[in-house]
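Numbering (the numbering used here), first residue to last: 751 to 1038.
Data block below; observations after.
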């Protein structure tokens, strides 16, 4: 596949990416009226897919948008797309919009949803950042009040990511009322005195799938956990910090706003959770 053009899926067709076209009247383009998912691929297999389908279903329901097809047909499409692109390790990006209609803010009646998906090659298991850790900066949380919906409206996150990039950081942790909500594209965790701390689910944060699996692993292995907001000051004085997302799994955070966390090196708990998570993903992939 390396010498061929990437194949994307768009509304029932598998097309070379140069031939995929979306209408200028698609509501995703005009309004950001849609939702998306990112699903890891390990050894050519979708992983965490059940949780992804569950979250996509929730996002669609929250904005009164119909499924573009039956969930099993959706998963079969993703598997076919992975095969077309000979993807061994990486991710699949999926986007569902309310479809094509004349520009009007109210939802159009009886408009078929649009479905698009593409693959990306990524080093998930052997990400070099896992060994050295990453830096984050804090930025104001400028987002809307339904952050639990994985919507296409990502301008605030783009602004946050640009602030991080300009500061030489990997990620931005967004702050509201003095407390960290989450990363621009990740969930945020700190560790203090052996206890893992992360904000509880609400409309203020996205229900991250990696976050969900990490909490399951914490419970399975008898680790201490508190689900509550934590301040920037707490993060700066934490023993460890880490983040999670579909494309990073678990990454240790070594610096926040230029301040070293702990001894400024990846912590043992973050490393242990990454090890456990990678093992669970490999077991899931090998079982398919």
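Every residue, glycine too, gets a C-beta built ideally from N, C-alpha and C.
Given the structure is predicted, the values throughout are model-derived calculations rather than measurements.
- Message: I'd like to check one pair, residue 1026 with residue 967: are the Cβ atoms closer than 8 Å?
- Response: For residue 967 and residue 1026, yes; Cβs fall inside 8 Å.
- Task: Kindly give me the distance between the Cβ atoms of residue 887 and residue 913, rounded to whole angstroms, as I take these residues to be in contact under 8 Å.
- Result: 6 Å
- Task: Tell me, to the nearest whole angstrom, how far the beta carbon of residue 959 is from that of residue 931; I am working on the premise that it is less than 8 Å.
- Result: Actually they do not touch by this definition, with Cβ atoms about 17 Å apart.
- Query: Do three or more CB pairs link the region 922-931 to the region 970-988 at distances below 8 Å?
  - Reply: yes
- Which whole-angstrom value describes the C-beta separation of residue 789 and residue 783, a residue pair presumed to lie in contact below a C-beta threshold of 8 Å? Incorrect: roughly 22 Å between the Cβ atoms, too far for contact.
- Task: Could you tell me which of 881, 970 and 785 sits nearest to residue 817, measuring between CA atoms?
- Result: 785
- Query: With a cut-off of 8 Å, do at least 3 Cβ pairs link the region 855-866 to the region 766-778?
  - Reply: yes
- Message: Let me confirm a value: residue 855 is counted as buried when at least 16 other C-beta atoms fall within 10 Å, else exposed. Which label applies?
- Response: Exposed: under 16 other Cβ atoms inside 10 Å.
- Option nearest residue 949 by Cα separation, candidates 938, 943 and 942: 938
- Item | Contact belief for residue 991 with residue 1011 at Cβ below 8 Å, rounded distance in angstroms | 5 Å
- Where residue 994 and residue 936 are concerned, what is the direct C-alpha to C-alpha distance, given to the nearest angstrom? 5 Å
- Message: Less than 7 Å between C-beta atoms, sequence neighbours within five positions excluded: which residues of the same chain meet that for residue 974?
- Response: 944, 945 and 946
- Item | Closest residue to residue 858 among 815, 988 and 1033 (Cα-Cα distance) | 815
- Query: Nearest to residue 885 by alpha carbon, out of 985, 893 and 773?
  - Reply: 985
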